[in-house]
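Going letter by letter, the sequence shown gives residues -19 to -1, 1 to 675 in mature numbering (1 follows the signal peptide of the UniProt record, and there is no 0).
To keep things clear, I will list the structure first and then write my remarks on it.
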Amino acid sequence: RGVLLALVTLLAFATRFHRLDQPPHVCWDETHFGKMGSYYINRTFFFDVHPPLGKMLIGLAGYLSGYDGTFMFQKPGDRYEHHNYMGMRGFCAFLGSLLIPFAYLTVLELSKSLPAALLSAALLTFDTGCLTLSQYILLDPILMFFIMAAMLSMVKYNSCADRPFSAPWWFWLSLTGINLAGAIGVKFVGLFIILHVGWNTVSDLWHLFGDLSLSLVTVGKHLTARILCLIVLPLALYTAIYAVHFAVLNQSGPGDGFFSSAFQARLSGNTLHNASVPEYLAFGSVITVKNLRMAIGYLHSHRHLYPEGIGAHQQQVTTYLHKDYNNLWIIKKQNTDSDPLDPSFPVEFVRHGDIIRLEHKETSRNLHSHYHEAPLTRKHYQVTGYGINGTGDSNDFWRIEVINRKFGNRIKVLRSRIRFIHLVTGCVLGSSGKVLPKWGWEQLEVTCTPYLKETLNSIWNVEDHINPKLPNISLDVLQPSFPEILLESHMVMIRGNNGLKPKDNEFTSKPWHWPVNYQGLRFSGINDTDFRVYLLGNPVVWWLNLLSIALYVLSGSIIAVAVQRGAHLPREVEGLSQVLLRGGGQLLLGWALHYFPFFLMGRVLYFHHYFPAMLFSSMLTGILWDTLLRLCACGLAASSLASGVHMGGVLSLLLGTAYSFYLFHPLAYGMVGPLAQDPQSPMAGLRWLESWDF
């Protein structure tokens, strides 16, 4: 057994590390994850829709292998030149290679059969898709590593069920918890393996609860052990991942604008970092007002007018994501024009419920709204800049309100969540988030919405605050606590995930395409002179997997019905049917949980999302064919013939997959020369489906 495992592992590493340095340029999503690894090395804050663990590990691998974080990773096809990229690729390939021994051990544990384990390992070793996905700087090999490790440790601790609370039992249980934290820490897809382990644990506890030989105290101990190892431990580790993430990324960077003002105050290099401003808003203060919705930005105006035919021909008001002098506004009282900054006047604080005017500092026009319709959102009112030197009309008056506060409360900089209610029309100032055409400089539309529903689009906070008559306090006082940062980064990630739409001419695919291997993804190169890599599953492996799922459902149903009807099965057959129903059932559940949820997702989907499910279906294929061949062998009386059928069947499957890998390996290791349509091509005659474009 040890020798076989060593051989399987060796072959896995040999296939994954072969030609790892090719092509020596950025391929596909390496442009994102390589760049994010560099951000960790340079400690630059950025925003991404996935949790941080995968990118942190890539950054760490780069750092330890001597990469200095200076390569730009601007676009696919950029050459690496002298930069040391092999550490990061090697790390991903290392984790990608471990998938195969993990699959081998998982199947061995579930079926107690070496041929089944070998078959599963061979299917994954000889799959061009898994191979390609493991050879680049991507999150997928890291995610699949944690998913398979969690699956293996869960299967192992199930095997220790007969000796609970022993050292191996605790070891595998805690290891399951650690791997669950790892999976969800790389991508939210890790949630599916958490559901799998959760279902397994609940059925386990239900079974223990029905075992009357156990005292309730023992059942309580079992429950506590699982809560500790599978809930408390992963949560603690997941939080720790974020603690490290926030500690490392402490420099201002491209991700700042996505986050709230208070969050930005943490980042050195940001204008809010170590700044000191007056704490409470007063009349006469110069302020910037930031929208609370992610990626909308600051209330902004400029000297350009709305074009003819779009509402009133008055000055434009927009929101703008970057810091700029045109974001500055002065808070004034509704009816007086006396200068509140005159030293003889006492300071007057703005309070919740006050009527105010907002005067644009650069152009001296007031924030104004009226019953004309907004430029893009037809059911909202237009917002403009109106008046001369701050003198306008009654449409310039707004009531300032703080969310969840009593009337008369003062308004805090950064912390108070405020809205502006227009006095005449009763509408609320907000931004629709829609991009204005060229006349609006492609900034975002600001409207006044008559619908008073509280959405983040109509909630604002005060960010910069200048008032010479007030004492400044250091912004450190306003620093958000760790739980607040954690919550905010999750809200931003979830919104970012839901907002992912396909870019132009990009390969998106539908979930039903995936199991049939309908279409691959171009990793690198298009023309016949390029070094081309194409992510596509080995069709022999994938179509065998698809057939096996159908066969499994059929044969599993037949056996389940027979057992339920009390059919008397021979002892060997009974043992095999148990393996098929129990072991195969776990894997079928894993496949279904990692596949069907994608049908419900609104975000953009790609072919590589199917690979975690594909791992489960390959393991299922191994168990299924081994069991079916053994059942055939049971039907044959003569022992020599029986073992011949079994061994012959397994060997032919192994050799078949190996040969198909020999045919399709250029997809993963790179094709140069004419395209597949050309008889001279290395892939001539292998374009079996029209939709494959290699």
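Just so it is clear, CB atoms sit at the ideal spot from N, CA and C, and this is done for glycine as well.
| query | result |
| --- | --- |
| Pairwise C-alpha distance: M17 and T182 | 36 Å |
| DSSP bridge partner residues for G603 (one or two, in chain order) | In the DSSP output, where bridge partners are listed per residue, G603 has none listed. |
| Assigned secondary structure, T300 (DSSP; H/G/I helix, E/B strand, else coil) | strand |
| Residue range of the beta strand (DSSP E) that includes K168 | Per DSSP, K168 belongs to no beta strand (DSSP E) and is neither H nor E. |
| Cβ-Cβ distance between P660 and M652 below 9 Å | no |
| Inter-residue spacing [alpha-carbon to alpha-carbon] between E260 and L253 | 13 Å |
| Close-in-space but distant-in-sequence residues of the same chain around residue 677 (CB under 7 Å, 5 per side omitted) | Coverage of the chain is limited to positions -19 through 675, which leaves residue 677 absent and any answer about it impossible. |
| Exposure of V171, with buried meaning 16 or more beta-carbon neighbours within 10 Å | Reading off the sequence, residue 171 comes out as Gly, not Val. It is buried - the Cβ of G171 has at least 16 other Cβ atoms within 10 Å. |
| 8 Å contact criterion, which R24 and S115 should meet: CB distance rounded | Rounded, the Cβ-Cβ distance is 28 Å, inconsistent with contact. |
| Buried or exposed by the 16-neighbour rule on C-beta atoms within 10 Å, applied to C613 | exposed |
| Presumed contact (8 Å Cβ cut-off) between N453 and S257, rounded CB distance | 4 Å |
| For W310, the three-state DSSP class (helix, strand or coil) | strand |
| Contact check, D237 vs N255, beta carbons under 9 Å | no |
| Own chain partners of H283 with C-beta closer than 7 Å, once the 5 adjacent residues on each side are dropped | Q297, N307 |
| CB of R398 within 9 Å of CB of R332, strictly | no |
| Nonlocal neighbours in the same chain, by C-beta distance under 8 Å from K56, ignoring five residues either side | V7, T12 |
| Boundaries (first-last residue) of the alpha helix (DSSP H) holding S242 | 242 to 245 |
| The segment 64 to 83 / the segment 40 to 51 touching (three or more Cβ pairs under 8 Å) | yes |
| Identified DSSP bridge partners for S249 | Q232 |
| Collapsed DSSP secondary structure at D485 in the structure displayed | Residue confidence for D485 is low, a pLDDT of 48 falling below 50, so the modelled location carries little weight and cannot support an answer. |
| Counted within 10 angstroms of its Cβ, other Cβ atoms place A548 as buried (16 or more) or exposed | exposed |
| Which of helix, strand or coil DSSP assigns to F504 | strand |
| Member of E444, H446, T406, K419 whose CA lies at the smallest distance from the CA of T428 | T406 |
| Straight-line Cα distance separating L528 from L100 | 15 Å |
| Separation of L570 from G(-18), as counted between CA atoms | 29 Å |
| D674 versus F512 - alpha carbon distance | 15 Å |
| Terminal residues of the alpha helix (DSSP H) in which N139 lies | 121 to 140 |
| CA-to-CA distance, N385 to E329, given in whole angstroms | 22 Å |
| From Q559, L561, F378, H590, residue whose alpha carbon lies closest to that of L574 | H590 |
| Buried or exposed by the 16-neighbour rule on C-beta atoms within 10 Å, applied to Q559 | exposed |
| C-alpha distance - D485 paired with R503, whole-angstrom precision | Caution applies to D485, whose pLDDT of 48 falls short of 50 and renders its modelled position unreliable; the value that the coordinates give is listed next. Looking at the two C-alpha atoms, the distance is approximately 15 Å. |
| DSSP beta-bridge partners of M17 | In DSSP, M17 forms no bridge with anything. |
| Burial state of M125 (16 or more Cβ within 10 Å) | buried |
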